[in-house]
Amino acid sequence: MVDGRRLTFRLAGINNQNFVMRDEQTGSWWQQVSGRAIEGPMKGKRLDPVSHDQLTFDTWRAERPKGRVLMQEKAIVDRDEYEPSDWEDHVEKYPVRVANPPGGPITPRTLVVGITLKGKSKAWPHASVVASGATVDQVADVPVLIVAAPDGRSVRAFDRRARGQVLSFIRAGRDLKSSMLLDLETMSEWDFTGKAVAGDLAGAQLPRVEILLDYWFDWKNYHRDTEVLKPWTPAVKKKKLTPIPKPTDDAKLPPEPKKAEPKKSESKADRR
Amino acid sequence: MIRHRRIWPLGVALLVTIAVGVAVIAFPTFYIMPFKPQKAWVMALALQARAVAPLVTTIAAVLSAALAILLAMRLRRWWSRAAAIVVLAPIGLATWFAHQNHFEWMFNPLASPRYVAADKAKFVKADDVVMAVEIAGEAVAYPIRQIGYHHVINDVIGRKPIVATY
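Residue numbers (numbering that gives the first Met the number 0), protein chains in the order written: chain A, 0 to 271; chain B, 0 to 165.
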């Protein structure tokens with residue numbers, strides 16, 4: 000709905016590898032990633048974003064067992080035109096040809112978790128967020144927590160202020176697949192929905208922060224002043240060791256050193 | 000000589016009309032393509048051209064047809080008359096194409112999204128990624144493998160009209 004008008008959208012173009020859609024009612028063109036009309040009678044208007052998640056099916060189904068799933072269309076299934084299971088591996092290999100190449104410390108097709116708050120933008124490589132389990136940071140003056148689910152894919156972000164205090168989080172337990180978080184201030188336990196399930200803060204709910212999972216080049220194109228987490232690199236470069244050559248069959252091995260015979264200890268009594 | 004003077008202006012007018020009609024659709028079609036960079040100001044021109052292309056090509060087609068007929072009536076040889084008509088083919092094709100949405104040829108739109116209960120969605124694997132939306136207690140999941148095909152899904156969730164995009 001825009002200005003009280005219900006719009007119906009169609010796929011209608013592409014702009015620096017992000018698609019453009021067009022509404023049937025006014026013929027305006029809208030950029031998908033920003034939700035903003037870039038041409039036509041609605042130019043400048045923006046669609047209100049809807050809160051959403053990108054989760055694995057298992058994780059979503061566990062949270063919403065009574066939810067509904069979009070059905071497949073038989074004709075498209077018969078033509079085998081839906082994306083394959085490993086579609087991300089294919090897309091990773093696509094070239095990036097955009098008017099504003101991103102540059103920066105990460106590759107253009109690195110998947111990032113992007114957050115924009117109070118006009119400030121920041122991005123973290125998705126792989127880094129998943130590896131850490133609990134990423135604690137700040138965007139503008141908002142303390143944020145990015146938490147990864149045990150499935151190794153699903154990610155959510157929260158404002159880490161609860162009941163009047165700013166909390167710091169670590170992943171709980173030795174099991175790296177544990178979804179439980181601990182806050183260092185009260186040692187309360189938190190789950191992937193941002194709810195405290197045990198401890199002094201039990202029942203508290205961290206406010207959600209909207210994230211956008213996007214490729215670095217696309218995120219950078221629409222957030223020109225974004226910060227980005229730099230990938231960790233070792234401070235000291237390991238010296239490359241010269242490999243020891245393997246002896247061939249014809250090589251003569253050096254003679255084994257003669258073993259020294261143990262000296263017999265003689266007491267003065269023995270000498271008599 | 001007088002005959003030639005009547006023919007040449009008609010011929011030039013015909014070619015110019017056809018060129019304008021073809022250009023107004025060819026320019027956005029070949030500029031707005033995947034894996035090509037688009038500059039903001041050129042993209043704006045391309046979208047404006049695309050917006051007027053159906054009307055402009057239709058006018059150009061009608062005008063071209065009239066000019067071609069007038070030209071053919073003034074030409075003596077049968078092959079020159081035929082050429083005056085055959086030259087209409089590009090503007091005919093351009094007019095037809097201007098009324099199509101070729102992006103939806105490859106990615107068919109989803110007219111009416113249908114749903115199945117989560118426990119019956121056997122076509123979705125456990126580790127497939129879904130885009131999950133919940134509005135007013137109504138929770139739906141759009142498997143990325145499906146929405147990645149359609150790109151745009153107009154829907155109503157929790158009585159709220161939304162468009163899910165990927």
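We treat Cβ as the ideally placed atom computed from N, Cα and C, and that holds for glycine.
| Check | Outcome |
| --- | --- |
| Let's see if you can read the secondary structure: which residues bound the beta strand (DSSP E) around Pro89 (chain B)? | That residue, Pro89 (chain B), is in no beta strand (DSSP E); its alpha helix (DSSP H) goes 88-97. |
| Can you round the beta-carbon distance between Glu82 (chain A) and Arg144 (chain B) to whole angstroms, since I take them to be within the 8 Å contact cut? | 4 Å |
| If you draw a straight line from the alpha carbon of Ala138 (chain B) to that of Gly66 (chain A), how long is it in whole angstroms? | 5 Å |
| Going by the beta-carbon positions, is the gap between Pro124 (chain A) and Ile105 (chain A) smaller than 8 Å? | yes |
| Measure the alpha-carbon distance for Glu209 (chain A) versus Ala93 (chain B) and round it to whole angstroms. | 44 Å |
| Is the number of C-beta pairs between the region 90-105 of chain B and the region 121-136 of chain B that are closer than 8 Å three or more? | no |
| Run through chain A and tell me which residues come within less than 7 Å of Arg113 (chain B), C-beta to C-beta. | Met70 |
| Taking its Cβ as the centre, do 16 or more other Cβ atoms sit within 10 Å of Ser266 (chain A), making it buried, or is it exposed? | Residue confidence for Ser266 (chain A) is low, a pLDDT of 41 falling below 50, so the modelled location carries little weight; the figure read from the coordinates is stated next. With fewer than 16 Cβ atoms within 10 Å of its Cβ, Ser266 (chain A) is classed as exposed. |
| Nearest by alpha-carbon distance to Arg63 (chain A): which of B:His149, B:Ala140, B:Ile161 is it? | B:Ala140 |
| To the nearest angstrom, how far is it from the Cα of Asn152 (chain B) to the Cα of Met72 (chain B)? | Note that residue 152 (chain B) is Ile in the sequence shown here, rather than Asn. Each residue's Cα considered, the two are about 53 Å apart. |
| For Phe26 (chain B), would you say it is in contact with chain A, using Cβ-to-Cβ distances shorter than 8 Å as the test? | no |
| Just tell me which of B:Tyr30, B:Ala116, B:Ile58 has its CA closest to the CA of Trp59 (chain A). | B:Ala116 |
| Is the CB of Phe216 (chain A) under 8 Å away from at least one CB in chain B? | no |
| Return the chain-ordered list of same chain residues with a C-beta closer than 7 Å to the C-beta of Val97 (chain A), the five sequence neighbours on each side being excluded. | Asn15, Gln16, Phe216, Asn220 |
| Looking only at its chain, what residues have a beta carbon closer than 8 Å to the beta carbon of Val19 (chain B), apart from the 5 residues adjacent to it on each side? | Val55, Ala59 |
| Name the chain B residues whose beta carbon is nearer than 8 Å to that of Gln24 (chain A)? | Here the premise fails: no neighbours, minimum Cβ distance about 12 Å. |
| Alpha carbon to alpha carbon, what distance is there between Asp199 (chain A) and Arg155 (chain A)? | 23 Å |
| What's the C-alpha gap between Leu46 (chain A) and Trp29 (chain A)? | 9 Å |
| Do Phe168 (chain A) and Gly193 (chain A) have their CB atoms nearer than 8 Å? | no |
| Go to Asp118 (chain B), then tell me how far its alpha helix (DSSP H) extends in each direction, as first and last residue. | No alpha helix (DSSP H) holds Asp118 (chain B); DSSP gives it neither H nor E. |
| Of all the options A:Ser50, A:Arg223, A:Asp2, A:Gly26, which has the alpha carbon lying nearest to the alpha carbon of Glu133 (chain B)? | A:Ser50 |
| Should Gly12 (chain A) be labelled buried (16 or more other beta-carbon atoms within 10 Å of its own) or exposed? | buried |
| In chain A, what lies closer than 8 Å to Arg144 (chain B) by C-beta? | Tyr81, Glu82, Pro83, Ser84, Trp86 |
| Below 8 Å on the Cβ atoms is my contact criterion, and I expect Arg158 (chain B) with Ala135 (chain B) to pass it. Report the Cβ-Cβ distance as a whole number of Å. | 6 Å |
| What does a CB cutoff of less than 6 Å around Leu211 (chain A) pick up in its chain, not counting 5 residues either side in sequence? | Gly113 |
| Please confirm if Ala98 (chain A) has its CB atom under 8 Å from at least one CB of chain B. | yes |
| Quick one: measure Cβ to Cβ for Thr115 (chain A) and His222 (chain A), integer angstroms, because I've assumed they're closer than 8 Å. | 7 Å |
| Mind listing which residues of the region 23-56 of chain A have their C-beta closer than 8 Å to chain B's C-betas, in chain order? | Gly26, Trp28, Gln31, Ile37, Glu38, Gly39, Leu46, Val49, Ser50, His51, Asp52, Gln53, Leu54, Thr55, Phe56 |
| Within 8 Å of any Cβ in chain B, is that where the Cβ of Gly132 (chain A) sits? | no |
| Which residue comes first and which comes last in the beta strand (DSSP E) that contains Gln53 (chain A)? | 51-55 |
| When burial is assigned at 16 or more other CB atoms within 10 Å of the CB, is Ala81 (chain B) buried or exposed? | exposed |
| Report, in whole angstroms, the separation of the C-beta atoms of Tyr30 (chain B) and Val41 (chain B), which I expect to be a contact under 8 Å. | 7 Å |
| Output yes if chain A places a C-beta closer than 8 Å to the C-beta of Ile58 (chain B); else output no. | no |
| Would Gly12 (chain A) pass as an interface residue toward chain B - the criterion being a Cβ-Cβ separation below 8 Å? | yes |
| In the DSSP assignment, find the unbroken beta strand (DSSP E) run with Ala133 (chain A) in it and report its ends. | 133-138 |
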